[in-house]
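S.K.: Supplied in structure tokens, the structure appears directly below.
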Amino acid sequence: MPTVAVAKTVQLSSLGISHIPSPETLLQECRDPGISLSPPRQAKRRPAIVMMESEDDDHPNQPIGTPDEAFSTASRNRKAFRHLQEQRKQLPIARGRESLIRSIASNDVTIILGETGSGKTTQLPQYLLEGGSYHGQIAVTQPRRVAATSLAARVSAEQGQALGTLVGYSVRFDERVGLGTRIKYLTDGMLVREMMNDPLLTCYDVVIVDEAHERTLRTDIVLASLKRILALRNGNGVDSSAKGKAKANPLKVVIMSATLDAEKFSKFFESAPVLYVKGRQHPVSIYYTSSSQSDYLDAALRTFFQIHVDRPPGDVLIFLPGQDDIENLESSLRMYANQLPQNVPDVIICSLYASLPNGQQAKVFLPTPPDSRKCILATNIAETSITIPGVRYVIDSGKQKEKRHLARIAGSGFDTLLTTDITKSSATQRAGRAGREGHGYCFRLYTEEAFNSMIASVEPEVLRSSLTSVYLQLKVIGQDLDTMPFMDRPDQESVGSALRTLWLLDAIDDSRHLTDFGRSLAVFPLEPQYAATLLASVKHNCTAEVMSVVALLSSSSPLFPDTSSQRDKANEARTKFRHPSGDHWTMLNVFRAYDEVCASEGKSGRKDWCKHNFVNQRALREAWSIRAQLRGICERMDIDWSLSCGNEESPLLRSLLRGLLQHVALLQPDGTYKQVMGPSVVKIHPSSFLTDKRSPAIIYNELVYTTNIYARGVSAVYKSFIAEFPKLTGMRLS
DNA sequence: GAGCACTGC
Numbered sequence: 001m002p003t004v005a006v007a008k009t010v011q012l013s014s015l016g017i018s019h020i021p022s023p024e025t026l027l028q029e030c031r032d033p034g035i036s037l038s039p040p041r042q043a044k045r046r047p048a049i050v051m052m053e054s055e056d057d058d059h060p061n062q063p064i065g066t067p068d069e070a071f072s073t074a075s076r077n078r079k080a081f082r083h084l085q086e087q088r089k090q091l092p093i094a095r096g097r098e099s100l101i102r103s104i105a106s107n108d109v110t111i112i113l114g115e116t117g118s119g120k121t122t123q124l125p126q127y128l129l130e131g132g133s134y135h136g137q138i139a140v141t142q143p144r145r146v147a148a149t150s151l152a153a154r155v156s157a158e159q160g161q162a163l164g165t166l167v168g169y170s171v172r173f174d175e176r177v178g179l180g181t182r183i184k185y186l187t188d189g190m191l192v193r194e195m196m197n198d199p200l201l202t203c204y205d206v207v208i209v210d211e212a213h214e215r216t217l218r219t220d221i222v223l224a225s226l227k228r229i230l231a232l233r234n235g236n237g238v239d240s241s242a243k244g245k246a247k248a249n250p251l252k253v254v255i256m257s258a259t260l261d262a263e264k265f266s267k268f269f270e271s272a273p274v275l276y277v278k279g280r281q282h283p284v285s286i287y288y289t290s291s292s293q294s295d296y297l298d299a300a301l302r303t304f305f306q307i308h309v310d311r312p313p314g315d316v317l318i319f320l321p322g323q324d325d326i327e328n329l330e331s332s333l334r335m336y337a338n339q340l341p342q343n344v345p346d347v348i349i350c351s352l353y354a355s356l357p358n359g360q361q362a363k364v365f366l367p368t369p370p371d372s373r374k375c376i377l378a379t380n381i382a383e384t385s386i387t388i389p390g391v392r393y394v395i396d397s398g399k400q401k402e403k404r405h406l407a408r409i410a411g412s413g414f415d416t417l418l419t420t421d422i423t424k425s426s427a428t429q430r431a432g433r434a435g436r437e438g439h440g441y442c443f444r445l446y447t448e449e450a451f452n453s454m455i456a457s458v459e460p461e462v463l464r465s466s467l468t469s470v471y472l473q474l475k476v477i478g479q480d481l482d483t484m485p486f487m488d489r490p491d492q493e494s495v496g497s498a499l500r501t502l503w504l505l506d507a508i509d510d511s512r513h514l515t516d517f518g519r520s521l522a523v524f525p526l527e528p529q530y531a532a533t534l535l536a537s538v539k540h541n542c543t544a545e546v547m548s549v550v551a552l553l554s555s556s557s558p559l560f561p562d563t564s565s566q567r568d569k570a571n572e573a574r575t576k577f578r579h580p581s582g583d584h585w586t587m588l589n590v591f592r593a594y595d596e597v598c599a600s601e602g603k604s605g606r607k608d609w610c611k612h613n614f615v616n617q618r619a620l621r622e623a624w625s626i627r628a629q630l631r632g633i634c635e636r637m638d639i640d641w642s643l644s645c646g647n648e649e650s651p652l653l654r655s656l657l658r659g660l661l662q663h664v665a666l667l668q669p670d671g672t673y674k675q676v677m678g679p680s681v682v683k684i685h686p687s688s689f690l691t692d693k694r695s696p697a698i699i700y701n702e703l704v705y706t707t708n709i710y711a712r713g714v715s716a717v718y719k720s721f722i723a724e725f726p727k728l729t730g731m732r733l734s
């Protein structure tokens with residue numbers, strides 16, 4: 001390795017050496033690494049009432065290709081279909097089938113505590129369908145799209161039907177349901193959307209909430225809503241006004257959770273019974289360090305080589321907080337791996353994090369060649385979203401990155417992204433990744449005391465997020481954030497901040513009533529701020545431009561990814577898109593150029609164009625889908641989305657301002673900016689094309705708090721634009 | 001003059 005790599009290497013601090021040791025020295029050190037490991041102990045088995053056991057997986061692994069390709073061909077193949085039926089029949093879960101059906105029939109709510117690999121998610125809906133007691137639809141919610149689609153494909157195949165007939169799914173941008181669909185897998189966000197049109201979820205006889213322990217924002221909305229709906233539809237809940245009402249269309253609710261939180265769910269649903277379903281997880285031996293490690297990268301490096309040299313074959317999965325750590329550890333591992341003696345197996349290093357291009361993500365699924373060992377460096381993505389085969393050893397840094405929204409009474413608050421300690425349930429989940437295929441080993445780079453003092457499970461998202469969208473969505477179903485029976489109640493500052501934002505947008509009036517404008521905002525699958533921008537574009541005759549920009553801003557990937565090694569080259573390549581007004585028009589220029597490339601070039605031409613210009617094709621593709629969805633919604637609302645302002649810059653900026661009222665700041669003499677609607681002094685992020693430009697007034701997409709409070713996604717606006725908004729100028733005076 | 005865990009409509 002060249003010396004450049006050495007500079008990026010983690011310090012082998014606890015070895016007390018500053019030079020790079022020879023491979024022999026390193027291996028010797030690794031056998032006595034200063035991380036002494038206490039005797040292995042078996043992962044605690046759950047003291048469960050064992051009901052059933054299954055050979056099956058809850059979640060088929062990441063599908064290679066589309067769900068259709070994976071399963072519908074199989075369903076056409078008679079032999080494969082018979083095999084599937086044979087598997088189903090032989091599942092031990094079949095023995096528990098009747099008791100499951102009975103319990104659900106005699107209770108409004110049933111909690112199922114299912115271990116990993118128990119097969120509950122694929123089998124239970126089929127049991128309820130085949131049992132014949134329910135004639136409406138059965139909904140099964142999932143936090144992730146890929147789970148919803150692949151589960152639907154699997155269950156459809158087990159039913160011997162084409163996907164989208166008896167069994168279907170519904171996720172954003174993709175839906176496979178028919179008139180005869182009885183089992184529907186959908187994302188929890190999709191069910192929240194459906195509630196906005198059908199607040200009592202009348203088309204469902206059964207709603208199964210899977211992975212409830214993850215406590216996503218949308219899961220919590222679903223849980224709170226279900227409690228309300230039960231009172232209204234079944235007439236026996238806490239809502240006394242609903243008592244005595246006809247139970248013509250009662251609802252059954254099943255909550256599936258993977259952790260001991262089941263008790264909390266049971267309590268929330270007034271002592272609902274808890275059923276335990278045994279899984280098929282292999283035992284995992286857990287090791288702790290004897291003393292706490294100040295440098296988890298160093299500790300991970302040593303532990304890896306210790307495993308590599310002393311332990312039998314099996315791939316190693318290392319959990320780290322973020323991309324930065326992954327890149328650093330990767331370069332250290334490579335350097336030492338290249339110096340290993342001949343008789344030690346090769347090391348294949350793979351990284352895995354969400355923003356990694358798909359091609360490189362796919363590397364982790366390639367089978368490990370004989371006489372080598374794969375070492376996967378991953379973020380939390382490998383904890384729930386992606387299951388990697390062949391992993392036998394897990395190294396757990398005990399750290400993760402956590403996003404947290406800091407609400408402010410004044411202004412709209414900002415997000416932080418900080419490295420924090422993981423939770424007990426997260427540690428257990430990580431360890432479990434070693435026991436998918438056989439007896440596994442988990443090396444925790446922290447002490448047993450540290451584990452014991454970890455909090456039990458992650459703080460629900462509802463306590464950490466901006467609630468603006470949620471507040472608006474609840475208003476549409478006639479509910480109030482303050483009166484919803486949340487499992488965990490968000491604090492007043494957070495609620496007040498959401499309330500204030502919606503009032504400023506004119507989504508609610510002075511009496512907190514939803515306005516017609518607010519109702520329109522909620523129709524769009526966008527942050528309310530961007531929905532307001534979109535609706536404002538009609539007045540300014542620039543819907544075509546605004547739609548592209550809003551779609552890009554809503555994409556989950558950044559348009560201009562930061563590539564530290566090629567930063568200057570990237571900046572140069574992107575210069576041609578630059579627009580003097582700032583980042584929004586610059587983004588639009590990229591999208592317009594991409595549109596032209598798409599019209600003239602094929603798949604590989606588009607890809608090359610993106611690479612050559614250092615723009616993220618994933619962001620453009622996603623924005624393309626979002627824009628198509630927005631166009632469809634506009635058509636239904638009779639809005640002409642083709643209205644264009646050409647190259648006139650003001651209409652787009654004035655539309656943006658309509659949504660970003662809380663994100664306006666004015667230049668101060670010292671070159672910093674002062675928020676108009678809040679107390680903060682902010683700086684323009686150095687990645688912005690407006691940095692150092694000293695524009696008198698700016699709007700920005702978001703604030704991020706790192707070394708400073710930075711405004712990102714910035715455009716310059718005229719002060720006269722700001723004067724058009726009485727609420728904004730009123731605030732300034734007060 | 002900088003640093004981005006993961007989802008979702």
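Residue numbers (the UniProt record's numbering): 1 to 734.
Glycine included, C-beta positions come from ideal geometry on N, C-alpha and C.
Keep in mind the model is a prediction, meaning the values are calculated, not measured.
Who does M256 pair with in a DSSP beta bridge?
M.R.: I112
S.K.: Of all the options S397, D261 and E263, which has the alpha carbon lying nearest to the alpha carbon of Q293?
M.R.: S397
S.K.: Within 10 angstroms of its Cβ, does K227 collect 16 or more other Cβ (buried), or is it exposed?
M.R.: buried
S.K.: Round the Cβ separation of I422 and Q400 to the nearest angstrom and send it over; I've been treating them as touching at under 8 angstroms.
M.R.: 5 angstroms
S.K.: So for I381, helix, strand or coil by DSSP?
M.R.: Helix.
S.K.: Please work out which residues of its chain come closer than 8 angstroms, Cβ to Cβ, to D239, disregarding the five sequence neighbours upstream and downstream, and give them in chain order.
M.R.: The pLDDT assigned to D239 is 44, lower than 50, so where the model puts this residue is not dependable; a value taken from the coordinates is nonetheless given after this. Closer than 8 angstroms at the Cβ level, and outside the excluded window around D239, lie R228, A231 and L232.
S.K.: Using the C-alpha atoms, what's the distance from D509 back to W503?
M.R.: In a straight line, the C-alpha of W503 is about 6 angstroms away from that of D509.
S.K.: Nearest to Q126 by alpha carbon, out of A147, Q361 and E158?
M.R.: With respect to the C-alpha of Q126, the residue from A147, Q361 and E158 having the closest C-alpha is E158.
S.K.: Based on Cα-Cα distance, which residue from G413, Y393, L472 and L418 lies nearest to K403?
M.R.: L418
S.K.: Where D108 and G132 are concerned, what is the direct C-alpha to C-alpha distance, given to the nearest angstrom?
M.R.: 17 angstroms
S.K.: Can you tell me whether G478 is buried or exposed, with buried defined as 16 or more other CB within 10 angstroms of its CB?
M.R.: exposed
S.K.: Expressed to the nearest angstrom, what Euclidean distance is found between the alpha-carbon atoms of A407 and T289?
M.R.: 38 angstroms
S.K.: Taking 7 angstroms as the threshold (C-beta atoms), are L690 and V664 in contact?
M.R.: no
S.K.: Three-state secondary structure (DSSP) at V274?
M.R.: strand
S.K.: To the nearest whole angstrom, what separates the beta carbons of H405 and S466, a pair I think is in contact under 8 angstroms?
M.R.: 5 angstroms
S.K.: Touching or not, the stretch 292-311 and the stretch 331-345, by the rule of three or more beta carbon pairs under 8 angstroms?
M.R.: At 8 angstroms Cβ cutoff, the stretches touch.
S.K.: Does DSSP classify K539 as helix, strand or coil?
M.R.: helix
S.K.: Looking only at its own chain, which residues have a Cβ that is under 8 angstroms from the Cβ of A434, when we skip the five neighbours before and after it?
M.R.: V284, L317, V391, R392, Y393, V394, G440, Y441 and C442
S.K.: Since L559 and N616 should fall inside the 8 angstroms C-beta cutoff, what is the C-beta to C-beta distance between them, to a whole number of angstroms?
M.R.: 6 angstroms
S.K.: Out of W641, P313, I183 and T202, which has the shortest C-alpha to C-alpha gap to H540?
M.R.: W641
S.K.: Apart from the five residues just before and just after R606, which ones in its own chain have a Cβ nearer than 8 angstroms to its Cβ?
M.R.: Y594, V597, C598 and Q617
S.K.: Out of E194, S170 and D205, point me to the one whose CA is closest to A105's CA.
M.R.: D205
S.K.: From this set, I183, I208, S291 and L472, which residue's C-alpha is nearest Q142's C-alpha?
M.R.: I208
S.K.: How should K79 be labelled, buried or exposed, when 16 other C-beta atoms within 10 angstroms of its C-beta is the threshold for buried?
M.R.: When all chains shown are included, K79 counts as exposed.
S.K.: Quick check on DSSP: helix, strand or coil for K611?
M.R.: K611 falls in the helix class under three-state DSSP.
S.K.: Going by alpha carbons, who is nearest to V344 out of K120, V476 and D310?
M.R.: Cα-wise, what sits closest to V344 is D310.
S.K.: Would DSSP call G189 helix, strand or coil?
M.R.: helix
S.K.: In whole angstroms, give me the CA-to-CA distance for E383 and I699.
M.R.: 37 angstroms
S.K.: Going by the CB atoms, is the gap between T533 and M656 shorter than 7 angstroms?
M.R.: A small correction: the amino acid at residue 656 is Leu; Met does not occupy that position in the sequence shown. In contact: L656 and T533 (Cβ atoms closer than 7 angstroms).
S.K.: Given a cut-off of 7 angstroms on the beta-carbon distance, is the pair G279 and G117 in contact?
M.R.: yes
S.K.: Does the beta-carbon of residue 760 have 16 or more other beta-carbons within 10 angstroms, so that it is buried, or is it exposed?
M.R.: Residue 760 lies beyond the stretch modelled for the chain, which goes from 1 to 734, so this question has no answer here.
S.K.: For a test of the three-state rule: what should DSSP assign to H663, helix, strand or coil?
M.R.: helix
S.K.: Let me confirm a value: N380 is counted as buried when at least 16 other C-beta atoms fall within 10 Å, else exposed. Which label applies?
M.R.: buried
S.K.: For L684, write down the residues that DSSP places opposite it in a beta bridge.
M.R.: It should be pointed out that residue 684 corresponds to Ile in this sequence rather than to Leu. Note: I684 sits in a beta bridge opposite A711.
S.K.: Can you give me the C-alpha to C-alpha distance between F319 and P313, rounded to a whole angstrom?
M.R.: 19 angstroms
S.K.: What number of angstroms, rounded off, separates the C-alpha of G413 from the C-alpha of L186?
M.R.: 32 angstroms
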